[in-house]
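*Asks:*
In our numbering, the protein residues as written are 1 to 138.
Structure follows, in structure tokens:
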């Protein structure tokens, strides 16, 4: 009987936590939602701009993701290098400093980068249902 009571309390606390997160997240600006998504991309994985937009509740706004990353304050320390284009490529022009930086940061996380190309089938983050339900409430 005590176990059932504890489970009930835990479920109630989980619901309250989810509601609190939902209320907070719905107050975020579109740019802040993008920053949130980019910040939770796990190390060693990548996401295309369009998927970041979709997860932030902004379908069709891939270019806005690029703008949001460009305008992000450095103090956020976002893992911007984990965001790539829909073909699995680094979007910066080859042989530029940003291209080299992104490529090196991805390699440091164990991601194989071949001339700016990353295998989406191997490295694309695919959040599980629990992450979608509990972490992405928009």
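Yeah, the Cβ is synthetic: ideal placement off N, Cα and C, and Gly gets one too.
1) Take the Cβ of residue 98 as the centre, count every other Cβ of all protein chains shown within 10 Å, and call the residue buried at 16 or more, exposed below.
2) Please classify residue 129 as buried or exposed, where buried requires at least 16 other C-beta atoms within 10 Å of its C-beta.
3) Pull up the DSSP beta-bridge partners for residue 84, would you.
4) Put residue 43 into one of helix, strand or coil per three-state DSSP.
5) Assuming residue 111 and residue 44 make a contact with CB atoms under 8 Å, what is their CB distance in whole Å?
6) For the structure I just gave you, are there three or more beta carbon pairs, one from the segment 51 to 67 and one from the segment 28 to 41, closer than 8 Å?
7) For the ligand NAD, is there a heavy atom less than 8 Å away from the beta-carbon of residue 108?
8) Please report how far the alpha carbon of residue 120 lies from the alpha carbon of residue 89, in whole angstroms.
9) Rounded to whole angstroms, what's the CA-CA distance from residue 106 to residue 54? Just pull it up for me.
10) If you draw a straight line from the C-alpha of residue 80 to the C-alpha of residue 86, how long is it?
11) Please check the pair residue 30 and residue 58, which I expect to be a contact at CB under 8 Å, by giving their CB distance rounded to whole angstroms.
12) Would you report the Cα separation of residue 91 and residue 84, rounded to the nearest angstrom?
*Replies:* Short version:
1) exposed
2) exposed
3) 48
4) coil
5) 6 Å
6) yes
7) Here there are no bound small molecules, and the ligand NAD is not part of this structure.
8) 9 Å
9) 22 Å
10) 15 Å
11) 6 Å
12) 6 Å
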